[in-house]
Amino acid sequence: MPAKNALLFESLKVRELELLNRIMISPMCTYQAELDGKAHETHLVHYGQFALGGAGLIMTEATAVEARGRISAGDLGLWSDEQVPAIKRVVDFVHQQGSKMGVQLAHAGIKASTRPPWDGNSFLDNSDAEKGAKPWQTVGPTDEPLAADWPTPMALSISDIETLVEAWGAAAARANTAGFDVLEIHGAHGYLISEFLSPLTNTRTDEYGGEQGRTRLACEVVEAVRANWPEHKPLFFRMSVIEGVDIGWSLDDSIKLAKRLKTLGVDLIDCSSGGVIGMHGKYAIPRTPGYQVFLADAIRSQARIQVSAVGLITQPNQAEAILQASQTDIIALGREALNNPYWPRHAAQVFNADEHFENWPQRYGWWLDKRAAMVKGAGQ
Ligand SMILES: Cc1cc2nc3c(=O)[nH]c(=O)nc-3n(C[C@H](O)[C@H](O)[C@H](O)COP(=O)(O)O)c2cc1C
0 MPAKNALLFE
10 SLKVRELELL
20 NRIMISPMCT
30 YQAELDGKAH
40 ETHLVHYGQF
50 ALGGAGLIMT
60 EATAVEARGR
70 ISAGDLGLWS
80 DEQVPAIKRV
90 VDFVHQQGSK
100 MGVQLAHAGI
110 KASTRPPWDG
120 NSFLDNSDAE
130 KGAKPWQTVG
140 PTDEPLAADW
150 PTPMALSISD
160 IETLVEAWGA
170 AAARANTAGF
180 DVLEIHGAHG
190 YLISEFLSPL
200 TNTRTDEYGG
210 EQGRTRLACE
220 VVEAVRANWP
230 EHKPLFFRMS
240 VIEGVDIGWS
250 LDDSIKLAKR
260 LKTLGVDLID
270 CSSGGVIGMH
280 GKYAIPRTPG
290 YQVFLADAIR
300 SQARIQVSAV
310 GLITQPNQAE
320 AILQASQTDI
330 IALGREALNN
340 PYWPRHAAQV
350 FNADEHFENW
360 PQRYGWWLDK
370 RAAMVKGAGQ
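Residue numbers (numbering that gives the first Met the number 0): 0 to 379.
Here it is, written out as structure tokens:
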């Protein structure tokens with residue numbers, strides 16, 4: 000998508016990968032996978048629409064590295080080779096449209112085995128089992144539940160952790176077989192890796208706890224993934240850069256971790272926040288347009304690593320201003336992409352970069368160009 004003076008539409012190189020533009024579709028759970036973690040027809044349409052809409056990079060929803068690590072019974076998984084073909088079909092379609100595709104590998108830890116948000120986000124129980132979504136035993140850094148009335152997780156032993164780290168590596172190898180271009184490790188939002196990072200949820204006294212040990216799982220997962228993910232392909236890490244104002248994991252912690260992860264082969268930090276303190280806790284940062292951009296900016300300038308910024312970025316000019324101010328390398332769109340999957344194509348037109356719909360799929364663009372002339376009163 001050529002653009003006149005818009006950074007948003009300049010290509011971006013991350014490691015060996017060339018992205019067509021700087022727009023990424025942020026990871027978003029769809030809760031639509033088959034009960035065995037395989038992609039459903041809905042995934043083809045869901046991710047396919049973003050590719051038709053022109054996003055440079057499309058990231059999948061959280062995709063579990065083991066069945067216990069699913070947030071809900073409708074999560075995607077890559078814990079078995081049998082899950083590869085269905086998601087590969089989606090990746091192949093996205094590639095045919097010219098976009099690149101990333102997979103967000105995840106483990107939900109003590110926040111696993113839950114209902115979708117519109118069903119209350121609470122933990123599964125026997126009433127869900129009757130509908131096919133049987134609750135399962137969750138795992139975490141300790142046996143401390145998410146909240147007093149939540150099920151008790153099983154504290155992971157050292158050998159459990161070793162097995163789990165191997166599962167991350169095996170899932171990374173499958174992601175490569177499926178043809179993904181980018182792999183993102185979900186280290187944010189109070190899920191397993193983030194639970195280990197946070198002093199609020201990790202009170203272990205062994206080598207995976209304490210000031211030094213809390214980052215150990217994150218580093219081991221990065222190493223296992225890098226060993227099973229091709230050298231030329233980019234690796235992203237999503238971080239809750241802060242948990243909340245003056246509480247728990249801090250910006251300084253994130254800067255330190257980002258520097259360390261860079262030495263282990265991470266190329267980009269996907270900068271988010273919060274999620275650790277309960278399911279319905281207060282937001283870490285008040286939700287205003289671009290509310291997390293300052294976190295991306297801080298990591299980019301202080302850890303000297305590429306970043307993506309996310310959170311209520313909805314306007315093309317807003318996105319462009321963030322890029323022009325060098326606060327981020329990539330703009331990630333979450334809910335705005337649900338609202339308008341064609342956001343990148345419309346944004347290009349805001350910058351007069353595609354006045355005649357030439358970058359749209361031809362079968363749409365040809366008509367839309369003629370229609371635009373009619374709307375202006377210049378049509379036949
Ligand atoms: C429906 C939905 C599902 C989400 N699922 C994930 C997910 O699987 N992994 C993740 O890291 N973030 C997830 N998020 C967070 C988004 O990636 C994004 O960071 C957040 O929505 C803020 O961006 P926005 O204001 O552009 O929506 C989800 C958000 C929404 C709305």
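Backbone N, C-alpha and C define an ideal beta-carbon position, used for all residues, glycine too.
Going by the DSSP bridge assignment, what does residue i pair with across the sheet?
| i | result |
| --- | --- |
| residue 294 | According to DSSP, residue 294 bridges with nothing at all. |
| residue 329 | 307 |
| residue 99 | 56 |
| residue 185 | 237 |
| residue 17 | 12 |
| residue 267 | 235 and 305 |
| residue 105 | 63 |
| residue 75 | 62 |
| residue 22 | 330 |
| residue 154 | 139 |
| residue 122 | 113 |
| residue 243 | 246 |
Could you check the C-alpha separation between residue i and residue j for me, to the nearest Å?
| i | j | result |
| --- | --- | --- |
| residue 84 | residue 125 | 32 Å |
| residue 214 | residue 256 | 7 Å |
| residue 242 | residue 123 | 26 Å |
| residue 217 | residue 192 | 6 Å |
| residue 154 | residue 136 | 11 Å |
| residue 110 | residue 145 | 7 Å |
| residue 175 | residue 56 | 16 Å |
| residue 212 | residue 142 | 18 Å |
| residue 36 | residue 78 | 9 Å |
| residue 66 | residue 320 | 41 Å |
| residue 11 | residue 96 | 18 Å |
| residue 369 | residue 71 | 46 Å |
| residue 351 | residue 130 | 51 Å |
| residue 208 | residue 248 | 13 Å |
| residue 62 | residue 8 | 29 Å |
| residue 380 | residue 251 | Examination of residue 380 is not possible in this model, given that the chain is present from 0 through 379 alone. |
| residue 107 | residue 312 | 26 Å |
| residue 38 | residue 114 | 18 Å |
| residue 376 | residue 339 | 26 Å |
| residue 196 | residue 253 | 10 Å |
| residue 161 | residue 147 | 29 Å |
| residue 40 | residue 92 | 12 Å |
| residue 373 | residue 229 | 50 Å |
| residue 13 | residue 304 | 11 Å |
| residue 42 | residue 94 | 15 Å |
| residue 87 | residue 198 | 38 Å |
| residue 23 | residue 341 | 12 Å |
| residue 387 | residue 286 | Outside the shown range of the chain (0 to 379) lies residue 387, about which nothing can therefore be said. |
| residue 353 | residue 259 | 41 Å |
| residue 82 | residue 325 | 39 Å |
| residue 276 | residue 31 | 26 Å |
| residue 1 | residue 310 | For residue 1, the predicted structure reports a pLDDT of 46, less than 50, and the residue's modelled location is therefore unreliable. The matter cannot be settled from this model. |
| residue 371 | residue 362 | 15 Å |
Can the beta-carbon of residue i be found closer than 8 Å to that of residue j?
| i | j | result |
| --- | --- | --- |
| residue 44 | residue 178 | no |
| residue 232 | residue 263 | no |
| residue 317 | residue 343 | no |
| residue 105 | residue 47 | no |
| residue 187 | residue 237 | yes |
| residue 157 | residue 205 | yes |
| residue 329 | residue 21 | yes |
| residue 189 | residue 274 | yes |
| residue 172 | residue 227 | yes |
| residue 6 | residue 322 | yes |
| residue 194 | residue 200 | yes |
| residue 302 | residue 261 | yes |
Can you name, in chain order, every residue of its own chain whose Cβ lies under 7 Å from the Cβ of residue i, other than the five neighbours on each side?
| i | result |
| --- | --- |
| residue 272 | 239, 240, 241, 283, 284, 291 and 294 |
| residue 220 | 164, 167, 184 and 192 |
| residue 225 | 234, 263 and 264 |
| residue 360 | 51 |
| residue 306 | 267, 268, 270, 295, 298, 299, 327 and 328 |
| residue 180 | 16, 99, 100, 101 and 232 |
| residue 34 | 72 and 131 |
| residue 18 | 10, 11, 55, 56 and 99 |
Can you list, in chain order, the residues of its chain whose CB lies under 8 Å from that of residue i, leaving out five sequence neighbours each side?
| i | result |
| --- | --- |
| residue 60 | 26, 27, 28, 29, 74, 75 and 103 |
| residue 364 | 355, 356, 357 and 358 |
| residue 134 | 112, 122, 123, 124, 125, 127, 128 and 150 |
By Cβ distance below 6 Å, which residues in the same chain neighbour residue i in space, the five residues on each side in sequence not counted?
| i | result |
| --- | --- |
| residue 315 | 346 and 349 |
Does the beta carbon of residue i sit closer than 8 Å to a beta carbon anywhere in chain D?
| i | result |
| --- | --- |
| residue 275 | The chain labelled as chain D is not found in the depicted structure, where only one protein chain is given. |
query: So, do the stretch 16 to 31 and the stretch 330 to 347 have three or more beta carbon pairs nearer to each other than 8 Å?
result: Contact check between the stretch 16 to 31 and the stretch 330 to 347: three or more CB pairs, one atom from each, fall below 8 Å, which counts as touching.
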